[in-house]
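For reference, the structure is listed below as structure tokens.
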Amino acid sequence: QLEHSAEAERPSFPPEAPLPDDDTLAAARVEYVRSLPGKLQDLADRVRGAKNGGDPFLLSEIRTRAHQLRGSAGCYGFRDVGRAAADIEEAAVSMPSAGPAAPSAWDEIDRALAKASALTERIVHDGARRTMPLGVAGARILVVDGDPLLLTSIADAAEEQLVGVVR
């Protein structure tokens with residue numbers, strides 16, 4: 001009986017964490033939208049500093065910040081911002097750690113930053129007017145169709161609402 005009571009007192013592993021509700025997910029997404037312009041500005045400032053001074057530390061910071069933005073934007077449903085950050089990260093990774101970088105790499109980073117900025121402006125503007133419908137965050141839908149453009153369109157629209165699509 002002693003063994004049985006010891007088993008009952010031992011917590012399960014891994015501990016079960018409660019799943020966030022839709023309001024929690026919506027609030028996190030709203031907070032992320034508020035922070036997105038600052039994250040992008042921070043990245044742009046580091047790019048400007050690296051272009052002007054060629055500091056290898058700043059190039060490393062650009063890689064790190066772009067990587068973080070790539071992941072977080074995708075997690076919150078902003079895939080296009082994530083893709084632009086991925087372009088920045090890849091261009092920064094291709095640059096030498098010492099010595100001058102090719103102007104084309106900086107041009108690629110500038111284009112990706114401009115794209116991310118335009119997307120972020122639209123997200124912030126739209127985010128102020130749109131809220132996530134209750135009950136959909138974290139949901140998944142099954143879409144069966146032979147039209148790849150339709151599937152992509154549905155997947156993009158669903159991802160903005162944090163809804164997964166199974167094709």
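Its first residue numbered 1, the sequence shown is counted upward by one per residue in our numbering. Glycine is no exception: its CB is placed at the ideal position from the N, C-alpha and C atoms. Please read these numbers as outputs of a predicted model, since none were measured by experiment.
- Listed in chain order, the alpha helix (DSSP H) elements of length 4 or more contained wholly in the region 59–109 are 79–94.
- In the DSSP assignment, Arg140 forms a beta bridge with Gly164.
- In the three-state reduction of the DSSP assignment, Gly38 falls in the helix class, which pools H, G and I.
- A Cβ-Cβ contact shorter than 7 Å links Val166 with Leu142.
- In terms of Cβ geometry, Arg70 and Ala85 form a close pair [threshold 7 Å].
- Ser35 has its alpha-carbon roughly 11 Å from the corresponding atom of Ser72.
- Taking 7 Å as the cut-off, the Cβ atoms of Ala44 and Leu113 count as close.
- About 5 Å separates the Cβ atoms of Val81 and Leu119, confirming a contact at the 8 Å cut-off.
- The Cβ atoms of Val30 and Ile109 lie no closer than 7 Å to each other.
- Within its own chain, the residues whose Cβ lies closer than 6 Å to the Cβ of Tyr32, once the five positions on either side in sequence are excluded, are Tyr76, listed in chain order.
- Here the alpha carbons of Val144 and Ala116 stand approximately 32 Å from one another.
- The beta carbon of Lys51 lies closer than 7 Å to those of Trp106 in the same chain, with the five residues before and after it left out.
- With 16 or more other CB atoms across the displayed protein chains lying within 10 angstroms of its CB, Arg65 is buried.
- Taking the C-beta atoms as reference points, Glu89 is found no nearer than 7 Å to His125.
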